[in-house]
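Data block below; observations after.
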Amino acid sequence: MRALILALSLLAAAPAHAVLPGERLDDPALETRARALSQDLRCMVCQNQSIDDSDAPLARDLRLLVRERLKAGDSDRQVTDFLVARYGEFVLMRPRLGWHTLALWGAPAVFLIGGVGYLAFALRRRRTGEATQPEPLSDEEKRKLDAALNG
Amino acid sequence: MSPEIGHYALVLALALALFQSVVPVWGARKRDAALMGTADAVALGQCAFVAIAFAALTHAYLVSDFSVENVVLNSHSTKPLIYKISGVWGNHEGSMLLWVLILTLFSAFVALFGRNLPLPLKANVLAVQAWITAAFLLFILKTSNPFNRINPAPFEGRDLNPLLQDPGLAIHPPLLYLGYVGFSMSFAFAVAALIEGRIDAAWARWVRPWALTAWMFLTAGISMGSFWAYYELGWGGWWFWDPVENASLMPWLAGTALLHSAIVMEKREALKVWTVLLAILTFSLSLLGTFLVRSGVLTSVHAFAVDPERGIFILAILIAFIGGSLALYAWRAPMLRQGGIFAPVSREGALVLNNLFLTAACAAVFVGTLYPLALEALTGAKISVGPPFFNWTFGPLMVPLMVAMVFGPFLAWKRGDLLAAAQRMMAAFAAGIAAMLLTFAVTRGGPVLAPVFIGLAAYIIVGSLAEVAERVQLFRAPLATTLQRARGLPRSAWGTAVAHAGVGVMLIGIVGETCYRQELIVQMKPGDTVEVAGYQVTLTGLAPVQGPNYRDVVARLVLREGGVDAGILEPAKRVYTARNMPTTEAALKTRGFSQLYVSPGDVETSGSIALRFFYKPMVLLIWIGTLVMMLGGLLSLSDRRLRVGAPKPAARRAPAVQAAE
Numbered sequence: 316m317r318a319l320i321l322a323l324s325l326l327a328a329a330p331a332h333a334v335l336p337g338e339r340l341d342d343p344a345l346e347t348r349a350r351a352l353s354q355d356l357r358c359m360v361c362q363n364q365s366i367d368d369s370d371a372p373l374a375r376d377l378r379l380l381v382r383e384r385l386k387a388g389d390s391d392r393q394v395t396d397f398l399v400a401r402y403g404e405f406v407l408m409r410p411r412l413g414w415h416t417l418a419l420w421g422a423p424a425v426f427l428i429g430g431v432g433y434l435a436f437a438l439r440r441r442r443t444g445e446a447t448q449p450e451p452l453s454d455e456e457k458r459k460l461d462a463a464l465n466g
Numbered sequence: 015m016s017p018e019i020g021h022y023a024l025v026l027a028l029a030l031a032l033f034q035s036v037v038p039v040w041g042a043r044k045r046d047a048a049l050m051g052t053a054d055a056v057a058l059g060q061c062a063f064v065a066i067a068f069a070a071l072t073h074a075y076l077v078s079d080f081s082v083e084n085v086v087l088n089s090h091s092t093k094p095l096i097y098k099i100s101g102v103w104g105n106h107e108g109s110m111l112l113w114v115l116i117l118t119l120f121s122a123f124v125a126l127f128g129r130n131l132p133l134p135l136k137a138n139v140l141a142v143q144a145w146i147t148a149a150f151l152l153f154i155l156k157t158s159n160p161f162n163r164i165n166p167a168p169f170e171g172r173d174l175n176p177l178l179q180d181p182g183l184a185i186h187p188p189l190l191y192l193g194y195v196g197f198s199m200s201f202a203f204a205v206a207a208l209i210e211g212r213i214d215a216a217w218a219r220w221v222r223p224w225a226l227t228a229w230m231f232l233t234a235g236i237s238m239g240s241f242w243a244y245y246e247l248g249w250g251g252w253w254f255w256d257p258v259e260n261a262s263l264m265p266w267l268a269g270t271a272l273l274h275s276a277i278v279m280e281k282r283e284a285l286k287v288w289t290v291l292l293a294i295l296t297f298s299l300s301l302l303g304t305f306l307v308r309s310g311v312l313t314s315v316h317a318f319a320v321d322p323e324r325g326i327f328i329l330a331i332l333i334a335f336i337g338g339s340l341a342l343y344a345w346r347a348p349m350l351r352q353g354g355i356f357a358p359v360s361r362e363g364a365l366v367l368n369n370l371f372l373t374a375a376c377a378a379v380f381v382g383t384l385y386p387l388a389l390e391a392l393t394g395a396k397i398s399v400g401p402p403f404f405n406w407t408f409g410p411l412m413v414p415l416m417v418a419m420v421f422g423p424f425l426a427w428k429r430g431d432l433l434a435a436a437q438r439m440m441a442a443f444a445a446g447i448a449a450m451l452l453t454f455a456v457t458r459g460g461p462v463l464a465p466v467f468i469g470l471a472a473y474i475i476v477g478s479l480a481e482v483a484e485r486v487q488l489f490r491a492p493l494a495t496t497l498q499r500a501r502g503l504p505r506s507a508w509g510t511a512v513a514h515a516g517v518g519v520m521l522i523g524i525v526g527e528t529c530y531r532q533e534l535i536v537q538m539k540p541g542d543t544v545e546v547a548g549y550q551v552t553l554t555g556l557a558p559v560q561g562p563n564y565r566d567v568v569a570r571l572v573l574r575e576g577g578v579d580a581g582i583l584e585p586a587k588r589v590y591t592a593r594n595m596p597t598t599e600a601a602l603k604t605r606g607f608s609q610l611y612v613s614p615g616d617v618e619t620s621g622s623i624a625l626r627f628f629y630k631p632m633v634l635l636i637w638i639g640t641l642v643m644m645l646g647g648l649l650s651l652s653d654r655r656l657r658v659g660a661p662k663p664a665a666r667r668a669p670a671v672q673a674a675e
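Going down the list, the protein sequences come from chains A and B. The opening position of the first sequence corresponds to residue 316 in the working numbering, with each subsequent residue numbered one higher. The opening position of the second sequence corresponds to residue 15 in the working numbering, with each subsequent residue numbered one higher.
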């Protein structure tokens, strides 16, 4: 299941990059990490673009900053913490799981499970419903039926 | 003079809309045919007046009438003719006018072609349409009048936002609005049915052509917008999970669910209450989309309105219509009687599953889009919900849907046999596995599961078409028999097969682009050559070019493939002079369904230029897939039962169609 989720997230990875040749790190492993990190960081002055996609000068500064921190030996988490401390959580494209985002991350699953639960409930109710007999005719209905049958 | 005529026509249209909001409903209540009958003529009159207003605004743009504020802000005398026309709806006021024009057009169509509808239903439907029209006409006249004059009039306009100066813009908003507003029809039918407290299979049959039409336009609009972003925004993405994109995706998901549940209702009289709810929700999401885009609560290229008065007005419309219709639903829906019973494993069951996953996906998009707004309003905390969230929630919901989508048509109504269906789907499984192994063998790199998804796509395409192939007895009966059966098969069966196959085609494009994309970022000087995706690309020069209302710096790239000349690419850095706004003009080279995408960076003082090359395998299939889906919709729309409308004696005299669904 984890592999599937991972594959799906890779499937829909951010499509293009604004990284310039001069910015790249010589160490390919560090550069790969820098690219992955930049795709999840928001360019604060753009419209819904990651710093990896953006041409804006601020995005370039942040790209360089991320690479600087990585070269200094920071872990991925330390780099994002560093940026969140300065720019707030708004800088993260993928909101962190916490009390304030519990409803966000939980909603799709809750909706799906709720839907399945409701369907199962409706199915069971109908099964038992099928077994029970329809309500007997009321006196009024019996009289009408008799009248109709006897003309 | 013409702006005043336009303004006056809008006022007259509003008066007619108010009349139509009340009189036909009253007539339907009193069973008064004369009162109900007024709706037709009034609907046509409204449409005519709004058309006059729209023509007046278009005229102001064509003659560059800079005494009109809207024209000053969004036009320029040197702008090419096509953008003068498309500029009419390339701004807030004009686009709202287009919105209402389309709304009244739909009402006029009901008035003209709704002869087979029962009179009270038709009167109520037109009245509900008039409520929406009146609300939006009030909105335009009160807060967004496109005909405002300014004095003194400037000599020149400020030009249209350069990003919007593209043939894509000429088509994208009208298509999208035809989709958004088209769903007002199913909404009006749902509310009319709730007012009457009666609903049956015939209702579903009347709603279906409108919902199908809206769905096709919305599909076209979203696809067009995605393609436009792909080549115009200059960084090669085709879907960004931008709030504005989400605003159009939500009604699409709900509308797709509606199309499917309406089938169950029409064939089996089941899911009535749910179908009515979906019809209400789909249009509510369209209204929500309009609110999100028009109110400016979102920061995005599309949000040209930043006036809080407008936002509050649209919010009021939103609350009135969504709240009102849902309250009506809560009150009247329990009176609607449920119909046919079915086993979990059946065609109905598969369609219920479809609805479950589509609405869950819609909910995921809804929460992801609105959560940051809600959180900021409640706690003041600002967070971003970006592509990673949607990829993790939306993606996993789509996979089971795609697997089940092929099964559905193989299952019988009422009670299906999963094993028997699986046996009939052997060709699809075989095709899926073959495609997976083939992809695995010929590709290097890419995520491990990418071949699995290519296999899934092949399974969808073959499985969808296999259902039709089986019904026409392809290869099992003589060719003449097959052809005869193919002609006799209901068009809706063809529509299902083709539309489902389109999803598979699109999936190939998505997997190809995201998993097997190659990228090269280089700094090049004139004379340099790089090798990318089998092409030798040489930069021969950088040259300035003067356009009608912009300046370009064009990078001229000569392509060779295996020593043979393969054409020229000319990506450019462009500056629109009126607003001094820079844009990036990407250049594309198509090979089969794949494309080489070149996006230029800035020119350095040393005379070199940064160039980003992307090779995007199968990328065109994304949009071709949506075209195939639309073709499916068109086939389904041409189905005989929709053309003849409600069951009539004439329908029974026609030669019996074999294998009736």
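Every residue gets a Cβ at the ideal spot worked out from N, C-alpha and C, and that includes glycine.
Chain B residues whose Cβ lies nearer than 8 Å to that of residue i
i	result
Asp368 (chain A)	Trp249, Gly251
Gly430 (chain A)	Leu370, Thr373, Ala374
Cross-chain neighbours of residue i in chain A, by beta carbon under 9 Å
i	result
Ser398 (chain B)	Arg357, Asn363, Glu404, Phe405, Val406, Leu407, Met408, Arg409, Pro410
Tyr385 (chain B)	Pro410, Thr416, Ala418, Leu419, Ala422
Phe627 (chain B)	Simply none; closest approach about 11 Å.
Span separating the alpha-carbon of residue i from that of residue j
i	j	result
Ala374 (chain A)	Val559 (chain B)	29 Å
Ala415 (chain A)	Leu389 (chain B)	It is His, not Ala, that sits at residue 415 (chain A) in the sequence shown. So the two alpha carbons sit approximately 8 Å from each other.
Arg222 (chain B)	Gly337 (chain A)	57 Å
Ala665 (chain B)	Trp220 (chain B)	For Ala665 (chain B), the predicted structure reports a pLDDT of 38, less than 50, and the residue's modelled location is therefore unreliable. A value from the coordinates is still provided. Distance between the alpha carbons of Ala665 (chain B) and Trp220 (chain B): 16 Å.
Leu521 (chain B)	Ala57 (chain B)	42 Å
Ala69 (chain B)	Asp616 (chain B)	42 Å
Gly606 (chain B)	Thr619 (chain B)	38 Å
Ala62 (chain B)	Leu370 (chain B)	41 Å
Phe356 (chain B)	Leu365 (chain B)	12 Å
Leu13 (chain B)	Glu246 (chain B)	Residue 13 (chain B) is absent from the model: chain B starts at 15 and stops at 675.
Ala140 (chain B)	Val124 (chain B)	Checking the sequence, you will find Leu at residue 140 (chain B) rather than Ala. Near 8 Å, if we compare the C-alpha coordinates of Val124 (chain B) and Leu140 (chain B).
Closer than 9 Å at the beta carbon, the chain B residues around residue i
i	result
Pro343 (chain A)	Near Pro343 (chain A) there are no residues of chain B at all, since even the closest Cβ is about 14 Å away, more than 9 Å.
Leu379 (chain A)	Residues of chain B passing the Cβ test: none, with the nearest at roughly 15 Å.
Chain A residues whose Cβ lies nearer than 8 Å to that of residue i
i	result
Thr393 (chain B)	His415
Val381 (chain B)	Ala418, Leu419, Ala422, Pro423
Leu411 (chain B)	Pro423, Leu427
Val366 (chain B)	Leu434
Chain-order list of residues whose beta-carbon lies under 7 Å from that of residue i (same chain, five-residue window excluded)
i	result
Ser158 (chain B)	His106, Glu107, Met110, Arg324
Phe424 (chain B)	Ala435, Arg438, Met439, Glu481
Val286 (chain A)	Residue coverage of chain A in this structure runs from 316 to 466, which leaves residue 286 (chain A) outside it and unanswerable.
Gln609 (chain B)	Leu602, Lys603, Lys630, Val633, Leu634
Phe33 (chain B)	Val56
Ala426 (chain B)	Ser360, Arg361
Ala215 (chain B)	Met279, Glu280, Glu283
Per-residue contacts from residue i into chain B (C-beta, under 7 Å)
i	result
Leu438 (chain A)	Pro358
Phe426 (chain A)	Ala374, Ala377
Distance CB(residue i)-CB(residue j) smaller than 8 Å
i	j	result
Ala137 (chain B)	Ala218 (chain B)	no
Ala267 (chain B)	Ala375 (chain B)	Before going further, note that residue 267 (chain B) is Leu rather than Ala in the sequence given. Yes, the pair counts as a contact, with Cβ atoms nearer than the cut-off.
Val381 (chain B)	Val307 (chain B)	no
Leu583 (chain B)	Val546 (chain B)	no
Pro401 (chain B)	Trp255 (chain B)	yes
Ala3 (chain B)	Val568 (chain B)	An answer regarding residue 3 (chain B) cannot be provided, because it is not within the stretch 15 to 675 covered by chain B.
Val517 (chain B)	Met416 (chain B)	yes
Sequence-distant residues of its chain with Cβ nearer than 6 Å to residue i (five each side left out)
i	result
Arg409 (chain A)	Asp355
Leu285 (chain B)	Ser275, Val278, Met279
Ala202 (chain B)	Val139, Val142, Gln143
Asp454 (chain A)	none
Min CB distance residue i to chain E below 8 Å
i	result
Leu389 (chain B)	The structure shown has no chain E; the protein chains it does contain are A and B.
Contact list for residue i against chain A, beta-carbon separation under 7 Å
i	result
Asp542 (chain B)	What Asp542 (chain B) touches in chain A: nothing, since even the nearest Cβ is about 12 Å away.
Phe254 (chain B)	Asn363
Sequence-distant residues of the same chain with beta carbon closer than 8 Å to residue i, five excluded per side
i	result
Ala149 (chain B)	Ile331, Ala334, Phe335
Asp653 (chain B)	Pro504, Arg505, Ser506, Gly509
- [ ] With 9 Å as the limit, tell me which residues of the region 171 to 192 of chain B have their beta carbon closer than that to any beta carbon of chain A; keep them in chain order.
- [x] Contact annotation: in the region 171 to 192 of chain B, no residue has its CB less than 9 Å from a CB in chain A.
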